[in-house]
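Trainee: One structure, as structure tokens, below. Some questions next.
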Amino acid sequence: MKLNIKVVNQENTEKKELKKADKKPAVKKISEQKSKPVEFLAAKKPEKIKQAKIELRKNKPVAAEKEELIREEFIKETIATSDFAITEPKKTRKNGEYTAKDIYVLKGLEPVRQRPGMYIGSTGIDGLHHLIHECLDNAIDESMAGYAKNIEVVLLPQDRVRVSDDGRGIPVEKHSDTKKSALETVMTTLHAGGKFGGEAYKVSGGLHGVGISVVCALSVYMLSEIHRDGGIYQQEYLRGIPKAPVKRVGDSKKTGTIQIFEADPQIFKEIKYDPKRILNHIRQQAYLTKGIRIIFRDEREKGKETSYSFYFEGGVASYVKYLMEGNTPRHHNIFSVAATKDDIFVEAAFQYTQEMECTEESFANNIYTPEGGTHISGFRAALTRSLNDYARREGFLKEKDENLSGDDVREGLTAVISVKIKTPQFEGQTKAKLGNPEAKNAVEVVVSEGLSDYLERNPSDGRAIVENCLLAAKARLAAKAARQTVLRKGALDGLALPGKLADCLSRRPEESELYIVEGDSAGGSLKMARDRKFQAVLPLRGKILNVERARLDKMLVSKEIKALIIAMGTGIGEDFDISKLRYHRIIIATDADVDGAHIRTLLLTFFYRHFKSIVEGGHIYIAQAPLYKFQFGKEIKYAYTEDQKAGVLNNFAKPGGVSIQRYKGLGEMNPEQLWETTINPENRILLQVAVEEAHQADKTFDILMGEEVEPRKKFIQTHAKSVKNLDI
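Here the working numbering is used: the first residue of the sequence shown is 527, the next is one more, and so on.
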């Protein structure tokens, strides 16, 4: 298992070879050509209008009125037969004039193809997997309604995906409003579905009614197959447009829905499904839906098929147990509660670990809400109040002591909160945050009552939990004092920056970069090589503190860490403010050896544990310096990976006479070489660090940087053969 912080290429992602060193830019950029989304409306509209004008010029002269009539009829016919809605051609008008003719009405699924990010978040890897989630969510809704018991997700050859369930099947009879089959209406119309009326689904995640139609719009091909009413019904779609009406193709005694789709390469930058990512989502759904069996199969390569089956009866308590794997619990019994309040079903479970990080996963109608919402607010309020009441009642907190804060009671917490609500109000089409105010009260009441009972029945667990919170409070106060010292040193902003920092001239964060380099030698070369207008350099001496094993107060004693915090300008902990980030690109530049890899891992741990929003905002990058320099006479080329080495060498006319230098450190290059290969925005390769799966990232950091030796030993033994560019 690799470190699950996803590294994606930034700017020039691959290079086969570089030009001669005495010419700038020195690097020949090699990047895969990828399909880009076509700007349909902008591209087609002028073309149609231009064709109309040309056609009219070919016609013989006629009376002005007749010519105008022909012109209007021709354009209307052109518009009617077009795949996209366009207005009449614009007449000559003044610059900047804005009239009704500038207003375009997008019909059907056109808005989805025009602005896919509004519906699925992005056209990258997240948006691609969101298509599977939308199909799976519909199947889960059938399960929550009490009809589906089995769901299957299959990755097929040719980048196709099949999602099926044994629910009732989408209706196929004619819809009274659209005069089309209900199936075609659901598949090709936004905000059409069975979840608005409240009769077909008491609880569902697909409130917006855009899910499956969005998948249809963003697929180059899609097939819907319905089993119901004794028959099998099918309809095919090309980029959201039906090929033919719904037809009956056979008989069936079963019921259910099968959706097969092939994502459109015109929309998505890269179509590459990640089985681990899909499995994580399926596992979540199986834990949250008691009694449902979900099967995942990967059939993309013949002879390499894999299959997984998920079925859980324990609910969210089982999910917490899964999340706790590899961690040492602070107390024995997992807290769990399930109850209905004001027609909202609330399920919550938690357990404390000996780690300092808090993991909260929240769901509304089985939809993962990574940004939380009102249900998380209710849970936090109940947890803080209940533990403070218990601590005072049992004498852990004296009258003069201040209450435990929310951060104190959440340190080391692993919790799952799930609500099922009739009319969920999500913020945005991707449903990242729940907005129902009534959910806060329901969760707060249910968790408060359940936790009071739990603490009374499990006094040893209660004591262990409160002692953990008191320890966190003590560390918080110590960290606050240390943090204030750091803030005082950085209070004068630019005037109090660390002495080792070679700052840039720009004061615009969006164009500024901070290079974090290993040692004064590389730091000196990089300071000379940089463009001081927008590139700053901060050299670090030796390895920074492993923050995975240190509390904040201990961490802030480190001079290197204090210098880094002051240079970034955001503060830390309770005082953190991302709007004060001084550089929107923070670039880790370490040597290509074991020590360099270790320092890079320590820095990634530091950023992930204490500046997660900076990582999630896409501000952390890893510089890619060349591993090899090839020289034949005056001709110089570089290779950035072992795979490139052979290819670059073969490009020389006489490979036998080429001298090869293996770089181990940035300090081995002179400033000009550093600029050409590593720093120049025109040539460099930067790897952007992104969090793909938070729980897995937490687990990986804990294994690599935590106290336990055995998990780390096992990790090394498992992945030793995957290591490349190892320099000992």
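Ideal Cβ placement from N, Cα and C applies to all residues, glycine included.
In this structure, how does DSSP classify K1059 when only helix, strand and coil are distinguished?
Mentor: coil
Trainee: Excluding the five sequence neighbours on either side, which residues of its own chain have a C-beta within less than 6 angstroms of the C-beta of T781, listed in chain order?
Mentor: R694, G695, H753 and R754
Trainee: For the 8 angstroms Cβ check, are there 3 or more pairs between the region 900-913 and the region 932-952?
Mentor: yes
Trainee: Spell out the partners DSSP gives H1145 in its beta bridges.
Mentor: Among the bridge pairs identified by DSSP, H1145 is matched with none.
Trainee: Measure the alpha-carbon distance for G634 versus C742 and round it to whole angstroms.
Mentor: Just so you know, the alpha carbons of G634 and C742 end up roughly 11 angstroms apart.
Trainee: So what's V1184 in DSSP terms, helix, strand or just coil?
Mentor: coil
Trainee: Assign V1235 to one of two classes, buried (16 or more other C-beta atoms within 10 Å of its C-beta) or exposed (fewer than that).
Mentor: With fewer than 16 Cβ atoms within 10 Å of its Cβ, V1235 is classed as exposed.
Trainee: Assign E672 to buried or exposed, taking buried as 16 or more other Cβ atoms, counted over all protein chains shown, within 10 Å of its Cβ.
Mentor: Checking the sequence, you will find Gly at residue 672 rather than Glu. Exposed is the call here.
Trainee: Can you tell me which residues form a DSSP beta bridge with N676?
Mentor: R819
Trainee: Examine the Cβ distances between the region 1065-1079 and the region 989-1009 and report whether three or more of them are shorter than 8 angstroms.
Mentor: Contact between the region 1065-1079 and the region 989-1009 is present: 3 or more CB-CB pairs across the two stretches fall below 8 angstroms.
Trainee: To test your reading of the DSSP string, which unbroken alpha helix (DSSP H) runs of 4 or more residues are found completely within the region 878-933?
Mentor: As far as the region 878-933 is concerned, its whole alpha helix (DSSP H) runs of at least 4 residues are 900-919.
Trainee: Going along the chain, which residues of its own chain have a beta-carbon closer than 7 angstroms to the beta-carbon of F1133, five neighbours each way excluded?
Mentor: I1140, V1141 and I1146
Trainee: Is the CB-CB distance between L749 and A789 below 8 angstroms?
Mentor: In terms of Cβ geometry, L749 and A789 do not form a close pair [threshold 8 angstroms].
Trainee: Does DSSP classify T1244 as helix, strand or coil?
Mentor: helix
Trainee: Go ahead and label Y980 buried or exposed: buried means 16 or more other beta carbons lie within 10 angstroms of its beta carbon, across all protein chains shown.
Mentor: Y980 counts as buried, since no fewer than 16 other beta carbons sit within 10 angstroms of its beta carbon.
Trainee: Give a yes or no on contact between the region 878-885 and the region 849-856, applying the rule of three or more CB pairs nearer than 8 angstroms.
Mentor: yes
Trainee: If the criterion is Cβ atoms closer than 8 angstroms, does the pair V969 and I943 meet it?
Mentor: yes
Trainee: Please report the Cβ distance between R774 and I786, rounded to the nearest whole angstrom; I am assuming they are in contact, meaning their Cβ atoms lie under 8 angstroms.
Mentor: 18 angstroms between Cβ atoms; not a contact.
Trainee: Check A789 in the structure and name its three-state DSSP category.
Mentor: Residue state, collapsed to three classes: strand.
Trainee: Would you kindly report the start and end of the unbroken beta strand (DSSP E) that includes H753?
Mentor: S745 to R754
Trainee: Once you ignore the five residues that flank F1178 on each side, which residues in its own chain have a CB closer than 8 angstroms to its CB?
Mentor: F1156, F1158, E1161, K1163 and V1184
Trainee: Hey, could you find the ends of the beta strand (DSSP E) S833 is sitting in?
Mentor: Segment T832 to F836, the beta strand (DSSP E) holding S833.
Trainee: At the level of alpha carbons, what is the spacing between I1242 and V1215?
Mentor: 22 angstroms
Trainee: Do G899 and G961 have their C-beta atoms closer together than 8 angstroms?
Mentor: yes
Trainee: Apart from the five residues on each side of it in sequence, which residues of its chain come closer than 7 angstroms, Cβ to Cβ, to G650?
Mentor: Contacts found: K795.
Trainee: Grab me the residues of P1035's own chain with a C-beta within less than 7 angstroms of its C-beta, minus the 5 sequence neighbours each way, in chain order.
Mentor: L1107, R1108, Y1109 and H1110
Trainee: For H807, tell me which candidate among I797, G817, I793 and F822 has the shortest Cα-Cα distance.
Mentor: F822
Trainee: For Q1199, count neighbouring Cβ atoms within 10 angstroms of its own Cβ and tell me buried if that reaches 16, exposed if not.
Mentor: buried
Trainee: Using only CA atoms, which one of G756, I793, N664 and R1188 lies nearest to R641?
Mentor: The residue with the shortest Cα to Cα distance from R641 is I793.
Trainee: Leaving aside the five residues before and after R1238 along the sequence, list all residues of the same chain whose C-beta is less than 7 angstroms from its C-beta, in chain order.
Mentor: I1229 and L1230
Trainee: If you draw a straight line from the alpha carbon of E1037 to that of K1059, how long is it in whole angstroms?
Mentor: 10 angstroms
Trainee: Under 7 angstroms Cβ to Cβ from I902, same chain only, skipping five residues before and after it: list those, please.
Mentor: E886, S888 and I943
Trainee: Kindly indicate which three-state DSSP category F722 falls into: helix, strand or coil?
Mentor: Low local confidence applies: a pLDDT of 43 at F722 is under 50, so the model's placement there is unreliable, with the coordinate-based value given in what follows. Looking at F722 - three-state DSSP - the assignment turns out to be coil, as it is neither helix nor strand.
Trainee: Considering only C-alpha positions, which residue in the set A941, E993, T866 and E873 is nearest to E920?
Mentor: E993
Trainee: What residues in its chain sit with their C-beta under 7 angstroms from that of G932, if we drop five residues either side in the sequence?
Mentor: R906 and T910
Trainee: State buried or exposed for S833, treating a residue as buried only when at least 16 other CB atoms are found within 10 Å of its CB.
Mentor: exposed
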